[in-house]
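Numbering (full-length UniProt numbering), first residue to last: 1 to 807. Below is one structure, written out as structure tokens; comments come after it.
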């Protein structure tokens, strides 16, 4: 959370409510300008706040003052405030890269002092106390055995350069060189601060007198730190720039031993005892053995920094800067980095090439904090330039991506991707740094989101390399990118491979005149088939026509094509394609006169194996089908099941005796009952006696009857009807009795034409049954009987009459 007050700094900056770390007596808060909506690191600042009320309460509780109203105590408080004013004023006067930069001057309020500086993340003291995450990382870096303590080494160099500026340019002595006054920014740069006791030397003099005032009741910032003061200053009151050399030696001891060499409670007596112990240890062990934990190249210089004899120390701090300890390539590389944007193109090219080889020697945190911001700024600067050095840009992109490999995907996406994906920058990179992008495409795949990488980086890169480049350099780029085909197949989905990548490679295969590129294209096709990036239909529709159109018969291309066709035959496995397209193509390529006997033998071997496989599979298919039409057999042997009707299945279970035709006898003939439709034959008036039905009478009855209506549909000769048996039928007139052997009603049962011989109807019951559904099978609601066609009966009667007349 952030809070604001009514001050000018508070109105212009927002800052954290709790301090990031403390530099006694200042609380340091992380902040940023309100006018800048970006949360980027370049806009960060540090807001230093001093709480007056808390300070005065501390003075009262410690007994340093008795009240806030007495003039003596007021003067004491004002002296303390003057020291704080001096600290900030010195920062405003002294402008150097290794001195804390002031952004906003001191603001005095009734309750606080405030000023704004460049962003710093910790002090050396807070890093030792593990007071913040960034400070802990710094401490880990300085202790890392793999990096050779390059951060500490470079930090000592930066502090020495700051002292060189104070001594030789400002003609002053710092007097407050201690871990708490060395601040570290996020780029791992060390800054001098706490210049409240900076003292200027008289003109033309290198020495002066200094009378420090020490009181344990006073806050620590109100006097110089005894733990980091030179003995000649405390014991002899001698002020000289060499005082800072001794303080620098004590600081170096703290950095490598992680503890203070001299520890006293702001008592001069304690200081004398601690220093006396130090001298005794030096006499007993010597400087080299006493500083055994220091780097070997730094130990010889410690005696010239911390000798009790002031004139046995370095004459000037510049001599210390020239020692072999600071000639380390890693330290020099870091020192050159700050001025890299101002160097010439040739100097940058040489530096970046050397840096690429030295990257593994630097700790990852230092590369991320120090190198990456400078290199990204240089990248934007080079892409925006009218004249671009392709070699330097390629090396720069490679260095940036190697450093980006140590970042998480989220950090890479936030810090590096915007610089690469910028429209103008990416166009410049595609044109001038293609090699670097191709070589590091695996890093880009890991660190950029899949959709952004495929659409914004990889597709434009493939299009440019495979279709837009020309010349000798294009061959190298195309071959280089095809060697990264695994990455491309991992990123692109099946439709993209088929519709985008395969078309690019096919077009390149056709248009290129380079045998190396053609060979690489064929290898790429094989890889795509083996990785199942294309299916058999694509292979048949796209690759086979492409190979058929190939004119070259160069042996290397033909042998690569042989391998491609062999792999493609395993994918297709279709007899028609193998016999009609693939085998003829193999025979065509094998007959090239450019092949050697061994190469021709390879072709014949593949052809024979493929032919044998086709024969074997076809024979197996013939044996399994026994020469029959397999498809037809499948149709007739596997009938489609019909849907079953439950009611129909239930009706089949009803036990109904079968109807068996039998000859009519005299007894059962009279019992046959035949329903007759209403349009029956006309009858003569009943005279009370039953006269036999003769042929003559039957013919006469037919002549007076109405013709029966026939069915309109089809060519049916006979029409049948269904009538409901709602009334008792009239009995037919019977013929004279005949021999039972001559009577047979089987024709009436099996034919639609009734026999002329009809049995008389049984007597009509006087009671008509209304139960039309009794004893019916399931699904039937009324009795139904077939109605024989009347016209058929007329025809049969006429035929019978004619037969009788002939007789």
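Where is the CB? At the ideal position from N, CA and C, for every residue including glycine.
Just mark residue 394 as buried or exposed, buried being the case when its beta carbon has 16 or more other beta carbons within 10 Å.
-> buried
For residue 322, write down the residues that DSSP places opposite it in a beta bridge.
-> DSSP lists no partner for residue 322.
What separation, rounded to the nearest whole angstrom, lies between the Cα atoms of residue 550 and residue 494?
-> 26 Å
Thinking just about the alpha-carbon of each residue, which of 399, 349, 382 and 388 is nearest to the one in residue 368?
-> 399
Buried versus exposed, by CB contacts within 10 Å (16 or more), residue 329 | exposed
Cutoff 7 Å; reference residue 281; Cβ partners in own chain excluding five residues on either side | 290
Give the secondary structure of residue 521 by DSSP, where H, G and I count as helix, E and B as strand, and everything else as coil.
-> helix
Who are the Cβ neighbours of residue 592 in its own chain at under 7 Å, not counting the five residues just before and after it?
-> 553 and 558
With 16 other Cβ atoms within 10 Å as the buried cut-off, status of residue 211 = exposed
Euclidean distance between Cα positions of residue 570 and residue 614 = 12 Å
Three-way DSSP call (helix, strand, coil) for residue 605 in this model | helix
Can you tell me whether residue 560 is buried or exposed, with buried defined as 16 or more other CB within 10 angstroms of its CB?
-> buried
Candidates 555, 563 and 542: which alpha carbon is nearest residue 522's?
-> 563
Buried/exposed call for residue 61, threshold 16 Cβ in 10 Å = exposed
Report the rounded CA-to-CA distance for residue 444 versus residue 488, giving the unit in angstroms.
-> 12 Å
Does DSSP put residue 105 in a helix, in a strand, or in coil?
-> strand
Ends of the beta strand (DSSP E) at residue 31?
-> 26-33
Exposure of residue 39, with buried meaning 16 or more beta-carbon neighbours within 10 Å | Note that residue 39 scores 44 on pLDDT, short of 50, meaning its location in the model is unreliable; the coordinates nonetheless yield the value given after this. By the 10 Å Cβ count, residue 39 comes out exposed.
For residue 202, is the classification buried or exposed, using 16 other Cβ atoms within 10 angstroms of its Cβ as the cut-off for buried?
-> exposed
Which value, in whole angstroms, describes the spacing of the CA atoms of residue 525 and residue 604?
-> 22 Å
Using 10 angstroms around the beta-carbon of residue 370, count the other beta-carbons present and answer buried if the total reaches 16, otherwise exposed.
-> buried
Is the Cβ-Cβ distance between residue 8 and residue 107 less than 8 Å?
-> yes
Residue span of the beta strand (DSSP E) that contains residue 45, given as start and end = 45-51
Can the beta-carbon of residue 491 be found closer than 8 Å to that of residue 450?
-> yes
In chain order, what residues of the same chain have a beta carbon less than 8 Å from the beta carbon of residue 19, not counting five sequence neighbours either side?
-> 27, 28, 29 and 49
Residue 180 versus residue 23: straight-line alpha-carbon distance, rounded = 6 Å
Cutoff 6 Å; reference residue 246; Cβ partners in own chain excluding five residues on either side | 230 and 306
Tell me whether residue 117 counts as near the ligand HEM, meaning its Cβ is closer than 7 Å to at least one heavy atom of that ligand.
-> The ligand content of the structure shown is nil, which means the ligand HEM is not present either.
Buried or exposed for residue 516, please, with buried defined as at least 16 other CB atoms from any protein chain shown within 10 angstroms of its CB.
-> exposed
First and last residue of the beta strand (DSSP E) that includes residue 119?
-> Unbroken run through residue 119: none, as it is neither H nor E.
If we count Cβ pairs, one from each stretch, closer than 8 Å, do we get three or more for the region 188-197 versus the region 75-90?
-> yes
Using only alpha-carbon positions, find the residue among 79, 76 and 118 that is nearest to residue 92.
-> 118
Does the region 233-243 touch the region 307-317, meaning 3 or more C-beta pairs lie closer than 8 Å?
-> yes
Does the region 449-467 come close enough to the region 476-485 to have 3 or more Cβ pairs within less than 8 Å?
-> yes
Take residue 336 as the anchor and find which of 580, 352 and 323 has the nearest alpha-carbon.
-> 352
Could you tell me whether the region 208-223 touches the region 56-72, where touching means 3 or more Cβ pairs closer than 8 Å?
-> yes
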